[in-house]
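According to UniProt numbering, the sequence shown is numbered sequentially starting from 1. Glycine included, C-beta positions come from ideal geometry on N, C-alpha and C.
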Amino acid sequence: MPYYRQVGEIPPKRHTQFRSPEGRLYAEELMGVEGFSSDSALLYHRHLPTAIVDAQVVEDFRGPLTPNHPLKPRHFRTQDLKFTADADAVSGRRTLFGNADVVIGFVVATQPSPLYRNAVGDELFYVQGGSGTIETIYGALRVADGDYVVLPTSTTYRVVPDGELRLYIIEASGHVGPPRRYLSTKGQFLEHAPYCERDLRGPSEPMLADGEDVDVLVRHRAGLTRYTYANHPFDVVGWDGCLYPWVFNIRDFEPITGRVHQPPPVHQTFEGPNFVVCSFVPRKVDYHPLAVPVPYNHANVDSDELMFYVGGDYEARKGSGIGIGSLSLHPGGFTHGPQPGAAEASLGAERFDETAVMVDTFRPLDLGEAAVDSEDPRYAWSWSRRGPDWS
């Protein structure tokens, strides 16, 4: 995180005695990334965070991945995916795509999740619909439609929906944060950044819970393990530092526009290991008198482009079958662009009312079981309206 935060009670000096009102020494825990040479947070627990009483192997729920072969553009409809009535945001998530750097899933959660910790990398949620609370060792975060949620590696959390909560989930193999070009050398957002510290929300108070023999599901590089802790992990009376979960709403992203069409990097919101995340939001479009507002045909030769359509009316895709909740995958090796007639139809437009979340990966994305279940087979032929699945 780019700035310091303090929540709850902490002592005046790090790594010194800090006792409860009963005189008991609180247990310090330093959460640090990159070998304790980068951001960290110092947490104070009522109980030892190391006290486990059991550890069991758990079968993984991700499922296999299938290469995008034959290579072609694809369209998937998350609105057609089926979820059980008691799905939760951890065990209920279904795998859409993945590679060695990132796994992307989706869930419609209606029940509280188990306590969970991803020890492989940061997680980035996008709330496509609904609301709920994400309870963490740092405190609770209220989330709703349009929120991005960054959960640092090894944060213990659970997701409690208010009714139905639709989550698009990006699981990184490393760390996710604002693009470095938006930040000063000391971590402050610069003036040209499309969002800043004022737009971010973090936990504001500790979250304390009691309990014994509490299970926490942990994802690690070998698979899944269920730890049983002697005491509830939500026992942090205070913490401070620059490493913690935070929320940013897509509506607070300030679009960068120009006289002629701007390239995709102007929409970048986050960066991760070998991928970036961009936000396309309602905006004034190009104002050169001869501008063509929709994107030109383009080939991002180094990456796969995955677009999640979450709001408004996406001008470039009219006539393709794409709607709210759709995902389009345009892989490296394929030139893509607006649907036939979209460029001409966009001439003279002053504003686009569209919201989308784009993930560009620098290694090819394979298809998960949820992608296979929700694919529209006609999409690849929608530019020519000919092909084996076209009728």
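Query, Result
"Nearest-angstrom Cα distance between P340 and W383?", "6 Å"
"Under a three-way DSSP split, which group does D213 fall into?", "strand"
"At what residues does the beta strand (DSSP E) containing E271 begin and finish?", "268-272"
"To the nearest angstrom, how far is the alpha carbon of H220 from that of L200?", "28 Å"
"Where does Y227 fall in DSSP's three states?", "strand"
"So, is G348 buried or exposed, given that buried needs 16 or more other C-beta atoms within 10 angstroms?", "exposed"
"What residues match up with I52 in a beta bridge as DSSP calls it?", "Y229"
"Are there 16 or more other CB atoms within 10 angstroms of the CB of E22, so buried, or fewer, so exposed?", "exposed"
"Counting C-beta neighbours from all protein chains within 10 Å, is the total for L290 16 or more, i.e. buried, or is it exposed?", "exposed"
"With T110 and D86 assumed to form a contact (beta carbons below 8 Å), what rounded beta-carbon distance in angstroms separates them?", "7 Å"
"Return the Cβ separation of D302 and G332 in integer angstroms, given the expectation that the two are a contact with Cβ distance under 8 Å.", "6 Å"
"Check whether the region 160-168 touches the region 211-230, taking contact to mean three or more Cβ pairs, one atom from each stretch, closer than 8 Å.", "no"
"Look up Y148 in the DSSP assignment and give the residues it is bridged to.", "Y126, F248"
"How many Å lie between V216 and Y116 at the Cα?", "5 Å"
"By DSSP, does Q262 sit in helix, in strand, or in coil?", "coil"
"With DSSP run on the structure shown, which of helix, strand or coil describes E354?", "strand"
"Could you spell out where the beta strand (DSSP E) holding V372 opens and where it closes?", "V372 -> not in any beta strand (DSSP E); alpha helix (DSSP H) instead, spanning 369-374."
"Could you compute how far the alpha carbon of A299 sits from the alpha carbon of P194?", "25 Å"
"Thinking C-alpha only, which one of P282, F308, G325, Y296 is nearest D353?", "P282"
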